[in-house]
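*Asks:* My questions will all concern the structure given below.
In my numbering, the protein residues as written are -1 to 454.
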């Protein structure tokens, strides 16, 4: 009896099918399994991802501003990293299982190399957002109080003492007003001290109805300290002076300046932020520049750039796109024809508003990589790390179309004395300035908001 020929099972060509199945699961977990006829496994792999995508889409559609604000929350960022890694593992399982249904890995198989490429692309897709989330955590830890490193700018600028825990923090979620003192430190070449040449109080109303910017001139003299005694020097030297003489100023440099300006305005200053003006250039460039409407000409032949070179600065009224270098000159120049500290303060308010508008117009994610590097080297704040997201949400909630912008200047809020023993000084009208806080808290119009004068 002749032996029957041995029967062998001949599977269909597996390479192309393995590659296609892997590619489908790369596009969406479970698609490759459905192609392979494994409907139960396909549903198991696809359902969690579909639910996640739906939830993310719903949140972005209904609360995108809150999500952007949460990017300043370290715990939220850690959660994103964990979710990213879990999703990465889920996708890799789906891709590799779909491929393995048809073929075992082989270095001589084109299908294996194609799937390896898909794995590499998947890893890159998840590594990039995880990298920037880690970078954001590091930046927040280098800028905010109580972060991983603490504010690092204060360690590079000797005028700062250690930032302390702010007292009387507002409940932004309950609609309480937030008052932040921003100071600009100009550490250009040739400067031996870090004076607070720019002092700006930003008062944010979370309901959006009565937010304000108030510029405080650096040459104010005799401003009452927290204990009521007058500070018989110019206000821009107070922070450095208090930091150097801790026995006389128990609140320290930052605390003394916050309390003094709060007493002057009749507003509690909750938080403090310092901006190194030379790093400001990098910050503006990182968000792709800003669009500005220049309302008055600037002609300053004596302007010295960030490298110590006298290059002059000239700009006419009109619409402009400003890169970092132009924006820096715009906020630093003050010695042009008809120019002054007051006109410069007005320009600084304009530019801060333009930056805020740029970041809240959906550009934050695109600008994030460069912005993280710029902010880390430019800003220090005593806002606790756990409350940065809350403050960011208050900034987003403020209605900039209703923003009141005031530059404290003569004759409404002070008088100039160019012949004092301390040189040119501004003697404050304490009652008029203090009334600003009362007007702001009551929801009224603060003022007057006249065009900045051209006196020094």
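Where is the CB? At the ideal position from N, CA and C, for every residue including glycine.
(1) In terms of residues, what are the limits of the alpha helix (DSSP H) holding residue 89?
(2) In the DSSP assignment, find the unbroken alpha helix (DSSP H) run with residue 356 in it and report its ends.
(3) Decide if the stretch 343 to 358 is in contact with the stretch 106 to 116; the criterion is three or more beta carbon pairs, one per stretch, under 8 angstroms apart.
(4) Residue 297 to residue 275, Cα distance in whole Å?
(5) Under three-state DSSP, which class holds residue 391?
(6) Between the C-alpha atoms of residue 29 and residue 19, what's the straight-line distance to the nearest angstrom?
(7) Quick one: using the 10 Å Cβ neighbour count with 16 as the cut-off for buried, is residue 132 buried or exposed?
(8) Are residue 262 and residue 221 touching if we call contact CB-CB under 8 angstroms?
(9) Determine the direct distance from the alpha carbon of residue 227 to that of residue 405, and round the result to whole angstroms.
(10) Contact between the stretch 229 to 248 and the stretch 193 to 203 is defined here as three or more beta-carbon pairs at a separation below 8 angstroms; is this criterion met?
(11) Starting from residue 131, follow the alpha helix (DSSP H) in both directions and report where the run begins and ends.
(12) Please look up how many angstroms separate the CB atoms of residue 178 and residue 168, rounded, as I've assumed it's under 8 angstroms.
(13) Under 8 angstroms: do the stretch 365 to 378 and the stretch 48 to 55 share three or more Cβ pairs, one atom per stretch?
(14) What would DSSP say about residue 33, mapped onto helix, strand or coil?
(15) What separation, rounded to the nearest whole angstrom, lies between the Cα atoms of residue 27 and residue 115?
(16) Helix, strand or coil, according to DSSP, for residue 60 in the structure here?
(17) Using the Cβ count rule (16 or more neighbours within 10 Å means buried), how would you classify residue 81?
(18) Apart from the five residues on each side of it in sequence, which residues of its chain come closer than 6 angstroms, Cβ to Cβ, to residue 487?
(19) I'd like to check one pair, residue 358 with residue 141: are the Cβ atoms closer than 8 angstroms?
(20) Using alpha carbons as the reference points, say which of 439, 428 and 352 lies closest to residue 281.
(21) Hey, out of 128, 408, 272 and 25, whose CA is closest to residue 77's CA?
(22) What do you get for residue 284, buried or exposed, if any count of 16 or more other CB atoms within 10 angstroms of its CB means buried?
(23) Determine, using beta-carbon pairs with one atom in the stretch 285 to 296 and one in the stretch 312 to 321, whether at least three such pairs fall under 8 angstroms.
(24) Quick one: Cα of residue 417 to Cα of residue 427, how far?
(25) Judging by CA-CA distance, which residue of 407, 204 and 313 is the nearest neighbour of residue 324?
(26) Count the other CB atoms within 10 Å of the CB of residue 126; is the residue buried (16 or more) or exposed (fewer)?
(27) Pick from 84, 430, 422 and 247: whose alpha carbon is nearest that of residue 412?
(28) In terms of alpha-carbon separation, which member of 41, 23, 432 and 86 lies closest to residue 260?
(29) By a C-beta neighbour count over all protein chains shown, 10 Å radius and 16 as the cutoff for buried, is residue 258 buried or exposed?
(30) Output the boundary residues of the alpha helix (DSSP H) element that contains residue 333.
(31) Residue 24 and residue 120 look like a contact to me (Cβ under 8 angstroms); what is the Cβ gap, rounded to whole Å?
(32) Please state whether DSSP places residue 280 in a helix, a strand or coil.
(33) Skipping 5 residues on each side, what residues in its chain have a beta carbon closer than 7 angstroms to that of residue 304?
(34) Who are the Cβ neighbours of residue 331 in its own chain at under 6 angstroms, not counting the five residues just before and after it?
(35) Helix, strand or coil: how does DSSP classify residue 326 here?
(36) Between which two residues does the beta strand (DSSP E) containing residue 429 stretch?
*Replies:* Looking at the atomic coordinates:
(1) Where residue 89 is concerned, the enclosing alpha helix (DSSP H) starts and stops at 72 to 98.
(2) If you look at residue 356, you'll find it in the alpha helix (DSSP H) that goes 339 to 356.
(3) The stretch 343 to 358, when compared against the stretch 106 to 116, does not touch it at the 8 angstroms Cβ threshold.
(4) Rounded to the nearest angstrom, the two C-alpha atoms are 21 angstroms apart.
(5) Shown here, residue 391 sits in a helix according to DSSP, grouped into three states.
(6) Cα to Cα, residue 29 sits roughly 7 angstroms from residue 19.
(7) Exposed, because fewer than 16 other Cβ atoms sit within 10 Å of the Cβ of residue 132.
(8) In terms of Cβ geometry, residue 262 and residue 221 form a close pair [threshold 8 angstroms].
(9) Whole-angstrom Cα-Cα distance: 25 angstroms.
(10) In short, these stretches touch, since the Cβ pair count reaches three.
(11) Segment 108 to 141, the alpha helix (DSSP H) holding residue 131.
(12) No, residue 178 and residue 168 are not in contact; Cβ-Cβ is about 10 angstroms, not under 8 angstroms.
(13) No: fewer than three Cβ pairs fall under 8 angstroms.
(14) In the structure shown, residue 33 sits in a helix (DSSP, three-state: H, G or I).
(15) Counting only the Cα atoms, residue 115 lies some 17 angstroms from residue 27.
(16) The answer is helix: DSSP assigns residue 60 an H, G or I state.
(17) Exposed: under 16 other Cβ atoms inside 10 Å.
(18) Nothing can be reported for residue 487, as the shown portion of the chain is limited to -1 through 454.
(19) Not in contact: residue 141 and residue 358 (Cβ atoms no closer than 8 angstroms).
(20) Put simply, of 439, 428 and 352 the residue whose alpha carbon is nearest the alpha carbon of residue 281 is 352.
(21) For residue 77, the nearest C-alpha among the options comes from 128.
(22) With 16 or more other Cβ atoms within 10 Å, it is buried.
(23) Contact between the stretch 285 to 296 and the stretch 312 to 321 is present: 3 or more CB-CB pairs across the two stretches fall below 8 angstroms.
(24) Rounded to whole angstroms, the gap between the alpha carbons of residue 417 and residue 427 is 18 angstroms.
(25) Looking at the Cα atoms, 313 is the closest of the given residues.
(26) Classification for residue 126: exposed.
(27) Measuring C-alpha to C-alpha distances from residue 412 to each of 84, 430, 422 and 247 identifies 430 as the nearest.
(28) Taking residue 260 as reference, the option from 41, 23, 432 and 86 with the minimal CA-CA separation is 432.
(29) Here residue 258 is buried: its Cβ has 16 or more other Cβ atoms, across all protein chains shown, within 10 Å.
(30) In the DSSP assignment, residue 333 falls outside any alpha helix (DSSP H) and carries neither an H nor an E.
(31) Indeed, because the Cβ distance is near 6 angstroms, the residues count as touching under 8 angstroms.
(32) Look at residue 280 here: in three-state DSSP terms it is helix.
(33) So the qualifying residues of the chain are 186, 276, 279 and 326.
(34) The residues 296, 298, 301 and 311, in chain order, have a CB closer than 6 angstroms to that of residue 331 in the same chain once the five nearest residues on each side in sequence are set aside.
(35) Correct three-state label for residue 326: helix.
(36) Counting along the chain, residue 429 sits inside no beta strand (DSSP E); it lies in the alpha helix (DSSP H) bounded by residues 428 to 439.
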